[in-house]
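Below is one structure, written out as structure tokens, with a few remarks after it.
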Amino acid sequence: MAFYKDHYEVVIIGGALAGLSCALQLQAKGIRDILILEKHNLPGGLATSYVRDGIEIEATLHEMMSIGTKEDRLKVGVFFDEMGVDIDWLRVPEAYRFVETSKGIDITLHSGFETMSKEIDAQYPGWGPKVLEFMNLCNTVYNSMNILSVTPMSKVQMLMKHPEFVKTAGYTATEVMETYHFPQDIVDILSPYWIYVGNPLKTLPFTIYAFLMADYFRGGSYVCKNLSHEMSMKLQQKAEENGAQMEYCQEVDKILVKNGKVTGVRTRRGDEIHCDYVVSGAYPNKVYTQMIEPLSEVPEGAIKSVNARKLSVCPVSVMMVLEGTPEEIGIKDYNIFSGTTMDTEEIWENYQTQGPYDYLTSICLNLANPGCCPEGYTQFSITALPLAEPFLNVKEEDYLSLKRKLASDMIDHYEKVSGIKIRDRIAEIEVSTPMTIAHYVGAWKGSIYGYRHHINDHAVARLQMKEEDHFIDGLEFAGAFSISGNGMGPAVTNGRAAAKAIFEDKEKKEAAVK
Amino acid sequence: MIVKGFLKDVGGASRVTNARRETYATASPLPDPKDPIRALADALHPGKQEFKVTKITDASPTSKTFRLEPLNGHVPVFQSGQYINFYLEIGTSKLTRAYSLASAPFEARLPQPFVEITIRRNVSYFVPDYFFDQVKEGTVLTAAMPFGNFYYEPLRDSKNIVALAGGSGITPFVSLAKEIAAGKLDVNLTILYGSVNHKDIVCGEQLAEAEKAAASLAAGGGSSASAGSGYGSVRVIHVMSDDPEWDGEKGFVTKELIEKYSAPDSTYMFCGPWPMYNFVTKALKELNVPARRFRHDVMQQPSKATNIPGFPEDQVGKVYKLTVVRGIQEDVVDARADEPVAVALERSAIAIDTHCRGGECGFCRSKLLAGDLFISPLGDGRRAEDKEQDYFHACSAYPMSDCKVKIPIM
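Next comes the structure, spelled out in structure tokens:
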């Protein structure tokens, strides 16, 4: 009995957003002999949902970036349109409400640079224009980043055409923000999104910060009507329509390498499948220390590269279905970032413990997607993004009580900050931890954000070092650990970049033959 | 925009690239393959493992308890109410079956850990027959655990639990009662257990023992220092529907009985057959119990398809061709209209990973490529997008024509 062909041109490990986007991009360039092997029995990795007593619950998606409005489509939105992936996007009503209890800050910002700068001006009169100037800088850097990530150019050209990008590239978010001399309150108000890239502002490249701010405040953010599972399913559907073979429940154990060149993969079931290229959704840490067969094919440089890079955060999330409508419960905001402090260094320290976590984001899905629950219920989640370290020594016996303690602390925190009682309304509750992530998607140490966006692992440097980071012929990576880093938007970009690398490599090899 | 000076500014890209190269240069060249988080995740969900049957005891005249010990010495942590899923080969069939764990979670943490399941065979039936006739002490079975969401969740549920059990649906509550009786869980459990006749009571002795042990623990038996604090209670009320000799509660588990034995704001946990489910959910509605205070175990599809609301009677007995796609492999098998797709696959020894067999859990999620299926409305756990793209759960979908389906490769 044969479930696979003997050979595929490309085998993609992992049918998550990056892997599926990679498949679509390869197909668009005429590479159609593709096998996608997914560990779970669902596509999408973290972009997924689950059902409890008839209610479908969103697993992860808070705010999809890079989609944009129909009139001003952003990068990922454009790609989906071009690929014929038609997702029913629902716009998130606000950017965020930010509550910092130690300073009494409580402000809600909406997307649109003018809009948000006016909203800040209303509370901090006179500062609106300066905020707008700052957001315009973010937007300029954002536009450059989008161009430069696909179009290489010389340093001189870059300086001529993208001066703001070049001049800010070497600085952290804090360093650039300081040149605006904002009062600390405004710095705090402009900081909440930092957690979506998982690195404190003092060492976060401004480039990344600018990308985040411009993208969210320009295009707003979106969720899918049928939850993030819709996005994953529609990507899979299109990839299959275009001829890819995708199989569930197939964890790849080994990547077979001979004389520095990929020859295939072996699944946990024992199927050995040959191919020219492998795109790995598994972390480089895992690939270079466990999966390459034989391990002697792993160059020392590859080991050093994964040892040099530091993992970013992983989520602890409390997902609930509450009895009552948002109005009945008193929930008015889709998204609240809240904590006693907005000092990201301090929060980072706190995130290296088992809690209670102080900086949380809460999402009331109904307010963007009213149909997400049966009448009279509210879908609500609270998330913290700690590091993996505090969980490295958890014992099996202690796991359930730890999980419940984390969740209980987060519910307490939310109730205290918001003054809204939710505990007595819980109809369904699930808590996900780094272990949950590791179980379902196999991410290294449960980290969903890949490597830290640290100034010493700058996306610009990653781009410059693309060749140096390539260790095995025929092996590409597509996931949060790739150049563009974490998030569902960047996942798509990372997948496309892997496809581009294969396409270019293939062209190069074909040219060499001629 | 100038931050620090033109030259410093324009040299930024090179500066950060050099900084990154520097981290590479100074990094350790030694591979670090350890991932303790994945290791813990794997310990919690080890997947298939082998268990040896070490003890078989009678749990009633028609039921047996099977004790299973893991060959590798490790049983993953589980919670009362969760289940174990067996991978069986019986005759020419290849199939999976789930059973609630009847042993207590603490028993899986003992130096010689074990789990137990209790199976009733009051009428001849494929899998119970296998366990009763073929499985002996010493038999090694392949199974995976734990699964299911039917457990006491302190973040959500009341500390006062009223269990509503019918027939062999008692087993998850046997586990819960034993855990409380061992002082491992502080909840007050009242079990309303419906049987036809007292001879049908499953695990009666274990329940009585748990009741006694919990009472003595609460009274401070053995360790007076902690008397009455942090210990839960167990109370079992048997209800006989047809037993003239019985001098306890008689009839069905009615609204009146539920009200009589419930503490205020209790969480109700149900495990039993469909008719009893319909009966007690109606009673709870009349008692104005909020939906969040009612939990139920996964309900297997009725064994007679015609008992499923909306099942087309004229399809009974029809046999269709089912084309099964796994990767590039295609097989054609017979499939009865009045049996789920999963059963047709099992009969043809095509492995399909069913768990709950009630449509809820989605482990047997598959795709319909051609043809028509009847999807049972009972326990339909499909995602919205799955419905739109013709995905179905094989345990709860019935072929209504020749069909072509794609299932995961097992």
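Protein chains in written order, with my numbering: chain A, 943 to 1456; chain B, 19 to 428. Note that beta-carbon positions come from the ideal geometry of N, C-alpha and C, so glycine has one too. None of these values were measured; they are calculated from a predicted model.
Reduced DSSP secondary structure (H/G/I, E/B, other) of A/LEU1016: Position 74 of the first sequence holds residue 1016 of chain A. Coil at A/LEU1016, not helix or strand.
Best match in B/ALA228, B/SER234 and B/GLY248 for proximity to B/ILE255 [C-alpha to C-alpha]: Here residue 255 of chain B corresponds to residue number 237 of the second sequence, with the count starting at 1. Looking at the Cα atoms, B/ALA228 is the closest of the given residues.
B/ALA243 burial status per 10 Å Cβ neighbour count (16 or more: buried): The residue given as residue 243 of chain B occupies position 225 in the second sequence. Confidence is the limiting factor: at B/ALA243 the pLDDT is only 45, short of 50, which leaves the residue's position unreliable, though a coordinate-based value still follows. The residue in question, B/ALA243, is exposed, as its Cβ has fewer than 16 Cβ neighbours within 10 Å.
Residue-chain proximity (B/THR299, chain A), Cβ-Cβ < 9 angstroms: By 1-based counting over the second sequence, the position of residue 299 of chain B is 281. Not an interface residue.
Beta-bridge partners of A/GLN1187, as assigned by DSSP: One-based indexing of the first sequence puts residue 1187 of chain A at position 245. Its beta-bridge partners are A/LEU977.
Distance, B/GLY91 Cα to B/LYS70 Cα: Here the question's residue 70 of chain B lines up with position 52 in the second sequence. Here the question's residue 91 of chain B lines up with position 73 in the second sequence. About 11 angstroms.
4-residue-minimum alpha helix (DSSP H) runs that sit fully inside the region 348 to 389 of chain B, ordered along the chain: The alpha helix (DSSP H) runs of length 4 or more contained entirely in the region 348 to 389 of chain B are, from start to end of the chain, 359 to 365.
Chain B contact residues for A/PHE945, given Cβ-Cβ distances below 7 angstroms: Looking up residue 945 of chain A in the first sequence gives position 3. The contacting residues are ARG344, GLY345, ILE346, GLN347 and ILE427.
Sequence ranges, beta strand (DSSP E) only - wholly within the region 38 to 108 of chain B, length at least 3: Counting only runs of at least 3 residues, the region 38 to 108 of chain B fully encloses the following beta strand (DSSP E) elements, listed from N- to C-terminal order: 67 to 78, 81 to 88 and 101 to 108.
Residue nearest to B/GLY269 in terms of C-alpha spacing, selected from B/GLY184, B/GLU87 and B/ASN178: The residue given as residue 269 of chain B occupies position 251 in the second sequence. That would be B/GLY184, whose Cα lies nearest to the Cα of B/GLY269.
Whole-Å CB distance - A/TYR1301 paired with A/ASP1351, under 8 angstroms assumed: As a working mapping, residue 1301 of chain A is identified with position 359 in the first sequence. As a working mapping, residue 1351 of chain A is identified with position 409 in the first sequence. Wrong, their Cβ atoms sit about 13 angstroms apart, outside the cutoff.
Residues that A/HIS1400 contacts on chain B, provided the C-beta gap is smaller than 8 angstroms: Here residue 1400 of chain A refers to the residue found at position 458 when the first sequence is read from its first residue. What A/HIS1400 touches in chain B: VAL34, THR35, ALA37 and ARG38.
Whole-number beta carbon distance between A/THR1149 and A/ALA1439, since they are thought to touch under 8 angstroms: Residue numbering aside, residue 1439 of chain A sits at position 497 when the first sequence is read from its first letter. Residue numbering aside, residue 1149 of chain A sits at position 207 when the first sequence is read from its first letter. Not a contact, Cβ separation roughly 16 angstroms.
Top-ranked residue by Cα proximity to B/ILE219, from B/VAL205, B/GLY201, B/ALA232 and B/SER186: In the second sequence, the residue the question calls residue 219 of chain B occupies position 201. Comparing Cα positions, the closest option is B/SER186.
Segments assigned beta strand (DSSP E), at least 3 residues, entirely inside the region 1043 to 1109 of chain A: 1047 to 1051
Rounded C-alpha distance that separates B/ALA116 from B/GLY166: In the second sequence, the residue the question calls residue 116 of chain B occupies position 98. In the second sequence, the residue the question calls residue 166 of chain B occupies position 148. Using only the alpha carbons, I get a separation of about 10 angstroms.
Amino acids of chain A, ordered along the chain, whose beta-carbon sits closer than 9 angstroms to that of B/PRO146: Position 128 of the second sequence, counted from the first residue, corresponds to residue 146 of chain B. Neighbours of B/PRO146 on chain A: none; closest Cβ ~28 angstroms, over 9 angstroms.
8 angstroms contact criterion, which B/LEU86 and B/VAL133 should meet: CB distance rounded: Against the second sequence, residue 86 of chain B aligns to sequence position 68. Against the second sequence, residue 133 of chain B aligns to sequence position 115. Confirmed, about 5 angstroms.
Residue span of the beta strand (DSSP E) that contains B/ASN206, given as start and end: The residue given as residue 206 of chain B occupies position 188 in the second sequence. 206 to 213 is the extent of the beta strand (DSSP E) around B/ASN206.
Residue-level contact to chain A via CB, B/GLN407, 9 angstroms cutoff: For the purposes of this step, residue 407 of chain B is identified with residue 389 of the second sequence, where counting begins at 1. By this cut-off, B/GLN407 is an interface position.
Rounded straight-line distance, which links the Cα of A/MET1173 to that of A/ILE1273: What you label residue 1273 of chain A is simply residue 331 of the first sequence in a count that begins at 1. What you label residue 1173 of chain A is simply residue 231 of the first sequence in a count that begins at 1. Spanning the two alpha carbons is a distance of roughly 27 angstroms.
Test: A/MET1100 CB closer than 9 angstroms to a CB of chain B: Locating residue 1100 of chain A in the first sequence gives position 158, where the first residue counts as 1. Yes, A/MET1100 counts as interfacial toward chain B.
Chain B contact for A/THR1043 (CB, 9 angstroms cutoff): Here the question's residue 1043 of chain A lines up with position 101 in the first sequence. No, its Cβ sits nowhere closer than 9 angstroms to a Cβ of chain B.
For B/TYR170, the three-state DSSP class (helix, strand or coil): Position 152 of the second sequence, counted from the first residue, corresponds to residue 170 of chain B. Three-state result, B/TYR170: coil.
Reduced DSSP secondary structure (H/G/I, E/B, other) of A/ALA1326: Taking the first sequence and counting its residues from 1, the one referred to as residue 1326 of chain A is at position 384. Strand at A/ALA1326.
Three-state secondary structure (DSSP) of A/TYR1164: Position 222 of the first sequence, counted from the start, is the residue given in the question as residue 1164 of chain A. Looking at A/TYR1164 - three-state DSSP - the assignment turns out to be strand.
Contact the region 1140 to 1154 of chain A vs the region 1111 to 1118 of chain A: 3+ CB pairs below 8 angstroms: yes
B/VAL192 at chain A interface by Cβ criterion, 9 angstroms: For the purposes of this step, residue 192 of chain B is identified with residue 174 of the second sequence, where counting begins at 1. Not closer than 9 angstroms to any Cβ of chain A, the Cβ of B/VAL192 fails to qualify, so no.
B/SER242, DSSP secondary structure in three states: Here the question's residue 242 of chain B lines up with position 224 in the second sequence. Low local confidence applies: a pLDDT of 47 at B/SER242 is under 50, so the model's placement there is unreliable, with the coordinate-based value given in what follows. Three-state DSSP puts B/SER242 in a helix.
Any C-beta of chain A under 9 angstroms from that of B/GLY399: In the second sequence, residue 399 of chain B corresponds to position 381, counting from 1. Proximity of B/GLY399 to chain A, defined by a Cβ-Cβ separation below 9 angstroms, is satisfied.
Beta-carbon spacing of B/LEU210, B/LEU182 below 9 angstroms: Taking the second sequence and counting its residues from 1, one reaches residue 210 of chain B at position 192. Taking the second sequence and counting its residues from 1, one reaches residue 182 of chain B at position 164. Yes; because the gap between Cβ atoms is below 9 angstroms, this pair is in contact.
Segment limits, alpha helix (DSSP H) that includes B/LYS154: Counting from one through the second sequence, the residue named residue 154 of chain B turns up at place 136. Premise fails: B/LYS154 is in no alpha helix (DSSP H) and is neither H nor E.
Short CB-CB distance (under 9 angstroms) between A/TRP1031 and chain B: For the purposes of this step, residue 1031 of chain A is taken as residue 89 along the first sequence, with counting starting at 1. No, because no Cβ of chain B sits closer than 9 angstroms to the Cβ of A/TRP1031.
Sequence-distant residues of the same chain with beta carbon closer than 6 angstroms to A/HIS949, five excluded per side: Here the question's residue 949 of chain A lines up with position 7 in the first sequence. If we look at A/HIS949 and ignore the five residues flanking it on each side, its Cβ neighbours are HIS1216.
Contact with chain A by B/GLN100, beta-carbon distance below 9 angstroms: The sequence position of residue 100 of chain B within the second sequence is 82, counting from 1. Taking Cβ atoms only, chain A never reaches closer than 9 angstroms to B/GLN100, which makes this a no.
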